[in-house]
Amino acid sequence: MKYYLLIPFLPLAAFMINILLGKEVLRDKAHWPSILAVVGSWLVTITSVLPQVMAGKIINEDLYTWIVSGTFNVSVGFLIDPLTAVMLVVVTTCASLIHIYAVGYMHGDTGYYRFFAYMSLFTFCMLMLVMGNNFLQLYFGWEGVGLCSYFLIGYYFDKKSAADAGKKAFIVNRFGDFGFGIGVFMIFLTFGTLHYTPVFGNVAGIAGQTVNFLGWNVDLPTLIALLLFCGAVGKSAQVPLHVWLPDAMEGPTPVSALIHAATMVTAGVFLVARCSPIFNLSEVAMNTVAIIGAITMFFAATIAITQNDIKRIIAYSTCSHLGYMFLACGVGAYGAGIFHLYTHAFFKALLFLAAGSVIHAVHTNDIREMGGLKKYLPITYAVFVIAGLSAGGFPGLSGFFSKDEIIWSAYASHSSVGKFVWVLAVAGAFFTPLYTFRLIFLTFHGKHRGAHHGEQGGHHGEHHIHESPKVMTIPLMLLAVGAVAAGWVGIPPILGGGAHFTEFLAPSVGHPEFHGTHAEELGVMALSTGIALFGLGLAAFLYLRKTDLPEKIAKTFSAVYNVLYNKYFIDELYNFTIVRPTVWIAKNVLVAVTDAKIIEGIVNGVPGAIGRFSGKLRRVQTGLAQHYGIMMAAGAVFIIALVLLLR
Amino acid sequence: MVPLSWYMVLGAVVFAIGVFGFLSRKNIIIVFMSIELMLNAVNINLISMSHYIQDLRGQILAFFVIAVAAAEAAIGLAIVIALFRNKATAHVDEVKEMQG
Numbered sequence: 010m011k012y013y014l015l016i017p018f019l020p021l022a023a024f025m026i027n028i029l030l031g032k033e034v035l036r037d038k039a040h041w042p043s044i045l046a047v048v049g050s051w052l053v054t055i056t057s058v059l060p061q062v063m064a065g066k067i068i069n070e071d072l073y074t075w076i077v078s079g080t081f082n083v084s085v086g087f088l089i090d091p092l093t094a095v096m097l098v099v100v101t102t103c104a105s106l107i108h109i110y111a112v113g114y115m116h117g118d119t120g121y122y123r124f125f126a127y128m129s130l131f132t133f134c135m136l137m138l139v140m141g142n143n144f145l146q147l148y149f150g151w152e153g154v155g156l157c158s159y160f161l162i163g164y165y166f167d168k169k170s171a172a173d174a175g176k177k178a179f180i181v182n183r184f185g186d187f188g189f190g191i192g193v194f195m196i197f198l199t200f201g202t203l204h205y206t207p208v209f210g211n212v213a214g215i216a217g218q219t220v221n222f223l224g225w226n227v228d229l230p231t232l233i234a235l236l237l238f239c240g241a242v243g244k245s246a247q248v249p250l251h252v253w254l255p256d257a258m259e260g261p262t263p264v265s266a267l268i269h270a271a272t273m274v275t276a277g278v279f280l281v282a283r284c285s286p287i288f289n290l291s292e293v294a295m296n297t298v299a300i301i302g303a304i305t306m307f308f309a310a311t312i313a314i315t316q317n318d319i320k321r322i323i324a325y326s327t328c329s330h331l332g333y334m335f336l337a338c339g340v341g342a343y344g345a346g347i348f349h350l351y352t353h354a355f356f357k358a359l360l361f362l363a364a365g366s367v368i369h370a371v372h373t374n375d376i377r378e379m380g381g382l383k384k385y386l387p388i389t390y391a392v393f394v395i396a397g398l399s400a401g402g403f404p405g406l407s408g409f410f411s412k413d414e415i416i417w418s419a420y421a422s423h424s425s426v427g428k429f430v431w432v433l434a435v436a437g438a439f440f441t442p443l444y445t446f447r448l449i450f451l452t453f454h455g456k457h458r459g460a461h462h463g464e465q466g467g468h469h470g471e472h473h474i475h476e477s478p479k480v481m482t483i484p485l486m487l488l489a490v491g492a493v494a495a496g497w498v499g500i501p502p503i504l505g506g507g508a509h510f511t512e513f514l515a516p517s518v519g520h521p522e523f524h525g526t527h528a529e530e531l532g533v534m535a536l537s538t539g540i541a542l543f544g545l546g547l548a549a550f551l552y553l554r555k556t557d558l559p560e561k562i563a564k565t566f567s568a569v570y571n572v573l574y575n576k577y578f579i580d581e582l583y584n585f586t587i588v589r590p591t592v593w594i595a596k597n598v599l600v601a602v603t604d605a606k607i608i609e610g611i612v613n614g615v616p617g618a619i620g621r622f623s624g625k626l627r628r629v630q631t632g633l634a635q636h637y638g639i640m641m642a643a644g645a646v647f648i649i650a651l652v653l654l655l656r
Numbered sequence: 010m011v012p013l014s015w016y017m018v019l020g021a022v023v024f025a026i027g028v029f030g031f032l033s034r035k036n037i038i039i040v041f042m043s044i045e046l047m048l049n050a051v052n053i054n055l056i057s058m059s060h061y062i063q064d065l066r067g068q069i070l071a072f073f074v075i076a077v078a079a080a081e082a083a084i085g086l087a088i089v090i091a092l093f094r095n096k097a098t099a100h101v102d103e104v105k106e107m108q109g
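Chains as they are written, first to last, in my numbering: chain A, 10 to 656; chain B, 10 to 109.
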């Protein structure tokens with residue numbers, strides 16, 4: 010009995026049940042199948058799969074022949090190695106807690122069953138993505154999660170901004186997935202198979218080979234790695250395809266927590282780590298990954314400082330942390346990247362769910378209308394601070410260990426690119442606590458600034474704000490435990506730990522050899538910690554003590570502020586260079602010429618010609634019996650003549 | 010002894026007269042009679058051939074043709090009467106409702 014099959018297929022069963030019976034039968038009990046399924050997956054992961062993998066057993070089985078066509082042969086198969094095991098733990102743990110939280114958050118919503126059906130489908134696709142043992146199954150899961158992301162961003166599809174955000178996410182991902190698809194083709198062309206084991210086993214043979222691609226001779230491993238990275242850039246919202254993630258916040262908050270923080274967006278990092286044998290062959294590709302990651306990390310962090318939408322700030326924070334993960338992969342420290350993926354899933358899901366709890370209480374996303382919520386939402390406040398400290402890299406918490414390992418890896422890689430990304434990573438360590446605590450101080454401290462405060466006899470006033478129900482706060486508290494303690498499995502040796510996490514991952518992604526003295530390591534750690542504390546202190550100074558100062562700074566440096574506030578005008582740039590020309594071509598060429606003239610010309614022209622021809626032909630049908638008789642006689646004579654003459 | 014070919018020629022001539030009548034006459038009654046002529050031309054052929062090859066099945070078939078012709082005449086005349094009642098005409102060229 011293959012127990013691990015339960016992990017992806019329980020959520021699929023829940024999806025089937027909900028989509029078929031949810032609307033009419035289950036209604037407000039639609040959460041039961043989904044929650045039972047995902048908790049079941051979690052139990053199987055924790056009790057059966059994880060101990061096996063920790064004992065050193067790697068499962069790699071083909072279960073079903075999916076496609077056979079000539080030499081092209083793909084199976085549905087499962088690979089469970091340490092990397093997959095980590096992803097399984099992350100996905101099932103976060104998904105379980107977020108599903109439970111959603112019971113409270115989505116309570117009474119008209120599309121309740123639809124929400125849980127898509128959440129289950131998403132969980133299934135995500136698990137197939139991480140468990141597949143070949144690139145096609147990875148691609149299946151990859152597109153499946155993209156589709157579910159589209160469904161769930163556009164969950165409130167009667168709201169135009171939500172429907173547009175869903176489309177944007179889907180279309181922007183097309184750009185990345187186009188490259189990813191070609192990358193998969195290139196892998197098949199090169200290796201003749203899509204299964205991981207033979208591909209990664211023979212990968213050394215392609216080192217140094219070149220291939221003609223669009224007229225250029227390019228290095229084969231570089232080409233494949235960069236094409237695969239295209240997909241990762243789209244899915245994981247890295248520059249220049251990051252624009253969809255902030256807009257994706259139109260979806261319900263549990264969706265943001267599960268899909269756009271903890272799991273789906275980290276699929277790109279998973280892809281890079283999974284394909285590490287290919288990436289390791291190409292220095293160009295590795296440097297690209299590191300630099301794109303570092304730029305995204307810095308760029309998103311700076312935007313986050315000026316935003317006012319509680320969820321968008323956290324979304325930019327997610328972009329930024331994903332940048333850290335790619336940065337780590339790019340300097341060869343895949344273990345550190347995956348470690349950050351793992352800790353990030355906990356504290357970022359917690360940040361989102363806590364933000365959801367705030368939104369649930371005050372019914373707005375705008376932090377300018379919040380403030381002073383500390384006394385109304387004590388639990389939310391407490392977990393928000395824990396998540397913020399963890400995200401900001403406060404010593405002793407999860408985020409600290411993983412972020413420190415990344416920064417140390419970047420420093421210790423001793424390459425010029427490594428130094429460059431190290432500088433940005435340290436700068437990012439300053440911005441992360443700054444924007445996180447700006448958010449916390451503006452939301453929870455000071456006076457309440459809600460628009461409806463005190464007006465109309467106060468019956469919409471402050472005292473109606475109350476803490477979320479237990480079904481929401483208990484998952485928050487459990488995630489807070491994760492945000493504090495999840496990183497303890499990877500405490501570096503220098504702080505008395507065993508770096509168990511990266512050791513555990515070594516069979517999957519290797520273990521980089523970094524050289525540095527203990528003094529250097531402690532120095533780097535102290536520097537980034539000091540900078541993080543300085544960021545926190547600055548946030549406290551600006552948003553607690555001198556609360557009028559931020560506005561003055563924004564006025565003084567209005568040019569910089571405007572660029573950041575408008576997100577570097579990237580959306581406007583894309584609108585101008587891509588969206589508008591595309592729409593223009595669609596309207597003036599495709600609709601006006603191709604569709605109206607060519608397609609409709611053919612569609613209407615062919616029946617028109619037939620109509621005119623048959624209009625002539627129908628004259629033969631006179632209705633006079635004797636004309637028919639003449640034709641019959643003439644026909645009979647003709648046939649008889651033919652028979653006689655041709656005999 | 011009259012040779013077979015004479016019968017065949019007689020049948021062919023009667024059939025040709027029938028075809029000509031069917032195609033050329035306006036009056037629907039004459040058209041009917043022409044059809045009867047063609048059927049009987051066939052009967053002549055059937056019987057003469059039957060006698061020639063000494064097989065009675067041809068004559069049996071001729072009886073069938075006579076029976077069918079009678080039925081056809083009965084139905085046809087009924088149609089003619091119905092037509093005349095509705096359109097007050099017995100001319101085939103004035104009936105072209107089935108025109109395409």
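Just so it is clear, CB atoms sit at the ideal spot from N, CA and C, and this is done for glycine as well.
- For serine 326(A), the uninterrupted alpha helix (DSSP H) run begins and ends at 319-339, by DSSP.
- Ranking Cys157(A), Pro17(A) and Gly185(A) by CA distance to the CA of glycine 86(A) puts Pro17(A) first.
- Uninterrupted alpha helix (DSSP H) stretches at least 4 residues long and entirely within the region 28-82 of chain A occur at 40-53 and 59-63, given in chain order.
- In the DSSP annotation of this structure, the continuous segment of the alpha helix (DSSP H) that includes aspartate 256(A) starts and ends at 253-256.
- Not flagged as an interface residue toward chain A: leucine 19(B), since no C-beta distance is shorter than 9 angstroms.
- Residues of chain A with a Cβ closer than 8 angstroms to the Cβ of lysine 105(B) are, in chain order, Thr631, Gly632 and Leu633.
- Chain-order list of chain B residues neighbouring isoleucine 639(A): Leu32, by C-beta distance under 9 angstroms.
- The residues Phe41, in chain order, have a CB closer than 8 angstroms to that of leucine 86(B) in the same chain once the five nearest residues on each side in sequence are set aside.
- Asparagine 143(A) has His204(A) as its beta-bridge partners, per DSSP.
- Under DSSP, serine 366(A) shares a beta bridge with no residue.
- Taking a Cβ-Cβ threshold of 9 angstroms, the residues of chain A close to valine 101(B) are Leu633, Ala634 and Gln635, in chain order.
- Taken atom to atom, the span from the alpha-carbon of serine 129(A) to that of proline 20(A) is near 5 angstroms.
- Between the alpha carbons of valine 652(A) and lysine 35(B) lies a distance of about 33 angstroms.
- Closest in alpha carbon position to leucine 237(A), among Asp256(A), Phe194(A) and Phe222(A), is Phe194(A).
- Distance between alanine 595(A) and isoleucine 611(A), taken at the CA atoms: about 19 angstroms.
- Taken through DSSP and simplified to helix, strand or coil, isoleucine 500(A) comes out as coil.
- Distances from the CA of phenylalanine 403(A) to each of Ala39(A), Val112(A), Lys564(A) and Leu545(A) were compared; the closest alpha carbon is that of Leu545(A).
- For a Cβ distance threshold of 9 angstroms, residue set Val28, Phe31 and Leu32 of chain B lies close to alanine 642(A), ordered along the chain.
- Within its own chain, the residues whose Cβ lies closer than 8 angstroms to the Cβ of tyrosine 420(A), once the five positions on either side in sequence are excluded, are Gly427, Lys428, Trp431, Gly525, Glu529 and Val533, listed in chain order.
- Between isoleucine 287(A) and valine 212(A), the alpha-carbon positions lie close to 7 angstroms from each other.
- By the Cβ neighbour-count rule, lysine 177(A) is buried, with 16 or more other Cβ atoms within 10 Å of its own.
- Residue contact check for valine 77(B) against chain A: no CB pair falls below 9 angstroms.
- Phe453(A) is the residue among Leu331(A), Ser407(A), Phe453(A) and Ala563(A) whose C-alpha sits nearest the C-alpha of valine 371(A).
- Its chain contains Asn36, Ile37, Ile38, Val89 and Phe93 as the residues whose beta carbon lies nearer than 7 angstroms to that of alanine 99(B), once the 5 sequence neighbours on both sides are disregarded; these appear in chain order.
- The bridge partners DSSP lists for tryptophan 225(A) are Phe222(A).
- Straight across, the Cα-Cα distance linking histidine 204(A) with aspartate 186(A) is about 19 angstroms.
- Interface annotation for the region 40-68 of chain B against chain A: empty, criterion Cβ-Cβ distance under 7 angstroms.
- Under DSSP, histidine 457(A) forms no beta bridge with any residue.
- Secondary structure note for asparagine 571(A): its alpha helix (DSSP H) is the uninterrupted segment 567-574.
- Distance from the CA of leucine 654(A) to the CA of alanine 643(A), rounded to the nearest whole angstrom, comes to 16 angstroms.
- For tyrosine 165(A), the CB contacts under 6 angstroms within the same chain, skipping 5 residues up- and downstream, are Ala171 in chain order.
- Looking at the DSSP output, leucine 88(A) sits in a beta bridge with Asn69(A).
- Between glycine 496(A) and leucine 406(A), the gap from beta carbon to beta carbon is short of 9 angstroms.
- With distances taken between CA atoms, arginine 283(A) lies nearest to Asp90(A) out of Ser399(A), Ile301(A) and Asp90(A).
- When Ala634(A), Ala257(A), Arg183(A) and Ala104(A) are compared, the shortest CA-CA separation from leucine 52(A) is found for Ala104(A).
- Per DSSP, glycine 30(B) is one residue of the alpha helix (DSSP H) stretching across 13-33.
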